[in-house]
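Engineer: First, the structure itself, so that you have it in front of you.
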Amino acid sequence: MLLEIIAPDQKLYTGEVDLVQVPGSKGSFEILKNHAPIISTLDEGKIRIVDQKGETIFFDVNGGVIEVKNNKIIVLAETAKT
Numbered sequence: 010m011l012l013e014i015i016a017p018d019q020k021l022y023t024g025e026v027d028l029v030q031v032p033g034s035k036g037s038f039e040i041l042k043n044h045a046p047i048i049s050t051l052d053e054g055k056i057r058i059v060d061q062k063g064e065t066i067f068f069d070v071n072g073g074v075i076e077v078k079n080n081k082i083i084v085l086a087e088t089a090k091t
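Per our numbering, the very first residue in the sequence shown carries number 10; after that it's consecutive.
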């Protein structure tokens, strides 16, 4: 799956991933390959990414929006940092 994490001032991450876990406004959820299309708001919390090498990466976000469609994930974060 292709993941992009974008903050207002910069693109923070672009790459192929196996798993993304996000702090949804109705609770945390994970996205795996072939996930159903979804748009959701995000609360403050951590985004956990497992890349194709099996390495885990974390980003702190203060809210935002996520869109998942056809194995492409776009996170528009209000603010984010590693």
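C-beta: ideal position from N, C-alpha, C; glycine also.
Taking Asp-69 as the reference, give the member of Met-10, Leu-12, Leu-21, Leu-11 with the closest Cα.
Structural biologist: For the purposes of this step, residue 69 is taken as residue 60 along the sequence shown, with counting starting at 1. Of the candidates Met-10, Leu-12, Leu-21, Leu-11, the one whose C-alpha sits nearest the C-alpha of Asp-69 is Leu-21.
Engineer: Going by the DSSP bridge assignment, what does Asp-60 pair with across the sheet?
Structural biologist: The residue you call residue 60 lines up with position 51 of the sequence shown. Paired residue(s): Val-26.
Engineer: Please confirm whether Lys-42 and Asp-52 have their CB atoms less than 9 Å apart.
Structural biologist: By one-based count along the sequence shown, residue 42 stands at place 33. By one-based count along the sequence shown, residue 52 stands at place 43. Contact: no.
Engineer: Given a threshold of 16 other Cβ atoms within 10 Å of its Cβ, counted over all protein chains shown, does Ala-45 qualify as buried or as exposed?
Structural biologist: Working through the sequence shown from its first residue, we reach residue 45 at position 36. Result: exposed.
Engineer: Let me check one thing: in DSSP terms, what residues is Ala-89 bridge-paired to?
Structural biologist: Taking the first residue of the sequence shown as 1, we reach residue 89 at position 80. According to DSSP, Ala-89 bridges with Val-70.
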